[in-house]
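*Asks:*
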Amino acid sequence: MSVSELSPSAQNYLKAVWGLTEWSNAPVTPSLVAERTGLKLSSVSDAIRRLTAQGLLSHARYGSVELTEAGRGYALAMVRRHRLIEAFLVSVLGYSWDQVHDEAEHLEHAVSDFMIDRIDAFLGFPSRDPHGDPIPTADGTVSIPTASQLSELGPGARVVVERISDSDSALLQFFEGHGIVVGAELDVAEGPAFSDAMGVRVVGRPGAVTLGRTATDALYVSLAPA
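One rule links them: number in the numbering used here = place in the sequence shown (from 1) + 15.
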């Protein structure tokens, strides 16, 4: 069965569960799914029961919510759709990277697998979307880059931006205005005393930028090659 045969609601739930595990090892709970989807917990609990009955989720009473093998395949198909649409909108239609997430949320339910494969080929089979998120291949293979949130690192490191959370368009605009984009190298410095802010300098650009916890949590980085 193609993922197109699932309802948009089921597609969203499976994608949400996978998204909660992509960059975190924390157990997925119905409450986390509700928070991610913006839906009521009661509605989410009902959906989890339905998807479990369909063999797409596994959820023991009071346990974590997990994708079955079939559910994971459908979830990755939706992630592939979403990220290739984002890449197409930026590369071909001239969208800015802060505009594409909501657009892709709508379009991912309407396109066919055939169209997605054609977009993939047209773009030259990109491995990452505009925010640095890995794009699953047609066979469901996905390579998660090794990266940590900038907030977890201490001062003195030089890092490479691997991925930027796309959940806040205003924050994406802020990052772009300061040259903090995927692939940029940053020198990390201490922030103001008695705060959890950090200072960063984009290599090749003058001046430094102070980033609060919301911003440093949104940046996933790796150590730059020596």
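Glycine included, every Cβ here is placed at the ideal spot set by N, Cα and C.
1) For the alpha helix (DSSP H) that contains Ala92, what are its first and last residues?
2) Closer than 8 Å by C-beta to Pro207: which residues in its own chain qualify, once you throw out the five before and the five after it? Chain order, please.
3) Secondary structure at His74, three-state DSSP: helix, strand or coil?
4) Pull up the distance between the alpha-carbon of His89 and that of Asp113, whole angstroms please.
5) Less than 9 Å between the C-beta atoms of Val18 and Ala92, yes or no?
6) Please state whether DSSP places Tyr28 in a helix, a strand or coil.
7) Spatial neighbours of Arg216 within its chain, please: C-beta separation below 6 Å, excluding the five flanking residues on both sides.
8) Taking the alpha-carbon of Gly155 as reference, which of Ile195, Asp128, Val176, Ser184 has the nearest alpha-carbon?
9) Among the candidates Leu54, Leu72, Val105, whose CA atom is the shortest distance from the CA of Val32?
10) In terms of alpha-carbon separation, which member of Gly192, Arg98, Ser106, Phe137 lies closest to His121?
11) Note the first and the last residue of the continuous alpha helix (DSSP H) segment covering Ser60.
*Replies:* Short version:
1) Within the sequence shown, numbered from 1, the residue matching residue 92 stands at position 77. Taken as a continuous stretch (DSSP letters only), the alpha helix (DSSP H) holding Ala92 covers 84–106.
2) On the sequence shown, residue 207 is found 192 positions in, with the first residue counted as 1. Around Pro207: Thr225.
3) Sequence index remark: in the sequence shown, residue 74 carries index 59 (1-based). Looking at His74 - three-state DSSP - the assignment turns out to be strand.
4) As a working mapping, residue 89 is identified with position 74 in the sequence shown. As a working mapping, residue 113 is identified with position 98 in the sequence shown. Contrary to the premise, residue 89 reads as Tyr rather than His in this sequence. If I take the Cα positions, the gap works out to 26 Å.
5) Counted from its first residue, the sequence shown places residue 18 at position 3. Counted from its first residue, the sequence shown places residue 92 at position 77. Yes; because the gap between Cβ atoms is below 9 Å, this pair is in contact.
6) Position 13 of the sequence shown, counted from the first residue, corresponds to residue 28. It is helical.
7) For the purposes of this step, residue 216 is taken as residue 201 along the sequence shown, with counting starting at 1. So the qualifying residues of the chain are Asp202, Ala223.
8) The sequence position of residue 155 within the sequence shown is 140, counting from 1. Cα-wise, what sits closest to Gly155 is Asp128.
9) The sequence position of residue 32 within the sequence shown is 17, counting from 1. When only C-alpha atoms are compared, the closest one is Leu72.
10) Indexing the sequence shown from 1 puts residue 121 at position 106. Nearest of Gly192, Arg98, Ser106, Phe137 to His121, Cα basis: Arg98.
11) On the sequence shown, position 45 is the one that residue 60 refers to. Where Ser60 is concerned, the enclosing alpha helix (DSSP H) stretches over 56–68.
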